[in-house]
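Trainee:
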C-alpha cells in the first residue's frame with residue numbers, strides 16, 4: 001500500500017507569492033555566500049534548512065492510496081486532484097486499473113471538492129469513477145458545484161461513467177486485493193469522516209482531516225480509540241498553533257498539540273501533520289513541526305514519529 005500526498009493546505013489554495021519566492025532565493029544565496037563555496041549544488045542543497053529545501057505546497061486536500069494490485073483510491077478532491085489526474089492520464093496504457101478510480105469523500109466543504117472539475121479523467125468515456133461517502137445526496141452536491149453559474153461544463157455533461165455509493169460508519173468495504181476500508185465520524189461543522197485502510201498484511205493507514213479535538217473532547221478521544229488504535233500511519237488535521245486554536249474554537253480544526261496528544265493516546269506509529277493554515281509560510285509550518293516534536297518529548301513519547309506533510313510525499317506500508 002502506497003500513500004501519496006497531493007494537496008496538504010486547508011481552507012483555500014495558497015500559491016507561493018513573488019515576495020516569498022524572492023526571500024527564499026536571497027536567503028539561499030546568502031547561505032551559499034557564507035557556507036557553500038567548494039560544494040556541489042546537490043551537496044549544498046542537502047544541507048539547507050528544511051523551509052529553504054522544500055515548499056509545503058499550495059494545493060488543497062487530496063491524497064491517493066494505491067493497493068497491492070495497483071488500484072487507485074483517492075481521498076478528497078481539493079485542488080491537489082488536478083495533478084493527480086494528470087498522472088493517471090499519463091499511465092493510461094501502462095496500468096489499465098488506473099481507468100477505474102475509487103473516491104472516498106470526508107465532507108463537501110469547497111476546499112475538498114473544488115478540484116473535481118479539473119480532474120481530466122472525468123472527461124473521458126473509458127474512465128469509471130466510483131464515489132463512496134456517507135452523503136446520500138453527494139451527486140447533487142457535486143452537480144451544484146458545476147452548475148452553469150459556476151462552471152462551463154456540468155457534471156452530468158462529462159463523459160466518464162460515475163457511480164455513487166452510500167458508505168456508512170460501521171460498514172466494511174472489501175476490495176479484491178484484500179484491502180479493507182472503514183469510516184468514523186469526526187467533529188467538524190457540517191460533519192466530516194475519517195477513513196481507515198487496512199491491507200492484506202495488516203498495515204493500517206488512517207486519514208482524519210477537518211476534525212476538531214480539544215482538551216474538552218477527552219471522552220470523544222477515548223471513544224475513538226478502537227478505530228484509531230495502533231495505526232501505522234495517521235494523516236491528521238493539525239492546522240493551528242495552540243494559541244490560535246483557542247481563538248478559533250468550533251471552527252473545526254485541531255492544534256498540533258492535540259494532534260500529538262491524540263496520536264500518543266492511540267498508540268500511533270507515524271503521525272503526519274496536514275491541512276496547513278493558508279496564511280502560514282513554510283517557515284511557520286516548520287516551526288509548528290518543531291514545536292510538535294518538543295511537545296512529544298514533554299509527553300515522554302518515544303515510539304511516535306512525526307512528519308510534516310508536503311506535496312509529493314510518499315509512504316510505503
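Numbering (the working numbering), first residue to last: 1 to 317. Here a beta-carbon is modelled for each residue, glycine too, at the ideal position from N, C-alpha and C.
(1) In its own chain, which residues sit with a C-beta less than 6 Å from the C-beta of residue 285, not counting the 5 before and 5 after it?
(2) Which same chain residues end up closer than 7 Å to residue 50 when comparing Cβ atoms and leaving out the 5 residues on each side of it in sequence?
(3) Are the CB atoms of residue 209 and residue 274 nearer to each other than 9 Å?
(4) Contact check, residue 48 vs residue 64 under 8 Å by CB: the rounded distance?
(5) Starting from the Cα of residue 141, find the closest Cα among 112, 152, 161 and 168 and give me that residue.
(6) Any idea what DSSP makes of residue 39, helix, strand or coil?
(7) Ignore the nearest five residues each way along the sequence and tell me which others in residue 89's own chain have a CB closer than 6 Å to its CB.
(8) Under 6 Å Cβ to Cβ from residue 174, same chain only, skipping five residues before and after it: list those, please.
(9) Alpha carbon to alpha carbon, how far is residue 305 from residue 98? Give it in angstroms, no decimals.
(10) Check whether the region 231-241 touches the region 252-261, counting contact only when three or more Cβ pairs, one atom from each stretch, lie closer than 8 Å.
(11) By alpha-carbon positions, which one of 234, 92 and 281 ends up nearest to residue 100?
(12) Per DSSP, residue 104 forms a beta bridge with which residues?
(13) How far does the beta strand (DSSP E) with residue 66 in it reach, from first residue to last?
(14) I think residue 1 touches residue 67, with their Cβ atoms under 8 Å apart; what is that distance to the nearest whole Å?
(15) In chain order, what residues of the same chain have a beta carbon less than 6 Å from the beta carbon of residue 163, not counting five sequence neighbours either side?
(16) Secondary structure at residue 282, three-state DSSP: helix, strand or coil?
(17) Report buried or exposed for residue 158, applying the criterion of at least 16 other Cβ atoms within 10 angstroms of its Cβ.
(18) Give me the Cα-Cα distance between residue 293 and residue 271, rounded to the nearest whole angstrom.
(19) Report yes if the C-beta distance between residue 11 and residue 58 is below 9 Å; otherwise report no.
(20) Residue 316: which of 295, 197 and 95 sits nearest, CA to CA?
(21) Using the Cβ count rule (16 or more neighbours within 10 Å means buried), how would you classify residue 117?
(22) Could you check where the beta strand (DSSP E) with residue 161 kicks off and where it finishes?
(23) Measure from the alpha carbon of residue 46 to the alpha carbon of each residue in 176, 265, 61 and 28, then state which is nearest.
(24) Closest to residue 234 by CA distance: which of 38, 203, 207 and 110 is it?
Mentor: The answer reads as follows:
(1) For the purposes of this step, residue 285 is taken as the residue at position 285 of the chain shown. Take residue 285, set aside five residues on each side of it, and the residues of its chain with a beta-carbon closer than 6 Å to its own are 56 and 276, in chain order.
(2) Position 50 of the chain shown, counted from the start, is the residue given in the question as residue 50. Result list for residue 50: 286, in chain order.
(3) Counting from one through the chain shown, the residue named residue 209 turns up at place 209. Counting from one through the chain shown, the residue named residue 274 turns up at place 274. In this structure, residue 274 lies closer than 9 Å to residue 209 by Cβ.
(4) Indexing the chain shown from 1 puts residue 48 at position 48. Indexing the chain shown from 1 puts residue 64 at position 64. Residue 48 to residue 64, Cβ: 28 Å. No contact.
(5) By one-based count along the chain shown, residue 141 stands at place 141. Measuring C-alpha to C-alpha distances from residue 141 to each of 112, 152, 161 and 168 identifies 112 as the nearest.
(6) As a first step, residue 39 is located in the chain shown; it is residue number 39 there, counting from the start. In the three-state DSSP reduction, residue 39 falls in the coil class, being neither helix nor strand.
(7) For the purposes of this step, residue 89 is taken as the residue at position 89 of the chain shown. Within the same chain, residue 89 has close Cβ partners 120.
(8) Taking the first residue of the chain shown as 1, we reach residue 174 at position 174. Only 180 meet the Cβ criterion.
(9) Here the question's residue 98 lines up with position 98 in the chain shown. Here the question's residue 305 lines up with position 305 in the chain shown. Looking at the two C-alpha atoms, the distance is approximately 32 Å.
(10) Touching, yes, given that three or more Cβ pairs across the two stretches are closer than 8 Å.
(11) To locate residue 100, count along the chain shown from 1; it is residue 100. If you compare the alpha carbons of 234, 92 and 281 with that of residue 100, the shortest gap goes to 92.
(12) Start at 1 with the first residue of the chain shown, and residue 104 comes out as number 104. DSSP, once it has assigned bridges, lists 75 and 132 as partnering residue 104.
(13) The residue given as residue 66 occupies position 66 in the chain shown. Start and end: 62-66.
(14) Against the chain shown, residue 1 aligns to sequence position 1. Against the chain shown, residue 67 aligns to sequence position 67. Contact between residue 1 and residue 67 is confirmed by a C-beta separation of about 6 Å, below the 8 Å threshold.
(15) Locating residue 163 in the chain shown gives position 163, counting from the first residue. Contacts found: 130.
(16) In the chain shown, counting from the first residue as 1, residue 282 sits at position 282. Of the three classes helix, strand and coil, the one that applies to residue 282 here is helix, per DSSP.
(17) Position 158 of the chain shown, counted from the start, is the residue given in the question as residue 158. Under this definition residue 158 is a buried residue.
(18) Translated into the one-based positions of the chain shown, residue 293 becomes position 293. Translated into the one-based positions of the chain shown, residue 271 becomes position 271. The straight-line gap from Cα to Cα measures roughly 11 Å.
(19) Taking the first residue of the chain shown as position 1, residue 11 is located at position 11. Taking the first residue of the chain shown as position 1, residue 58 is located at position 58. Result no, Cβ atoms of residue 11 and residue 58 do not sit closer than 9 Å.
(20) If you number the chain shown from 1, residue 316 lands on position 316. Residue 197 holds the alpha-carbon nearest to the alpha-carbon of residue 316 among 295, 197 and 95.
(21) Counted from its first residue, the chain shown places residue 117 at position 117. Within a 10 Å sphere around the beta-carbon of residue 117 sit 16 or more other beta-carbons, which makes this residue buried.
(22) Numbered from 1 along the chain shown, position 161 holds the residue referred to as residue 161. That run of the beta strand (DSSP E) goes 161-166.
(23) Numbered from its first residue, the chain shown carries residue 46 at position 46. Of 176, 265, 61 and 28, the residue nearest in Cα terms is 28.
(24) Numbered from 1 along the chain shown, position 234 holds the residue referred to as residue 234. Residue nearest to residue 234 within the set 38, 203, 207 and 110 is 207 (criterion: CA-CA distance).
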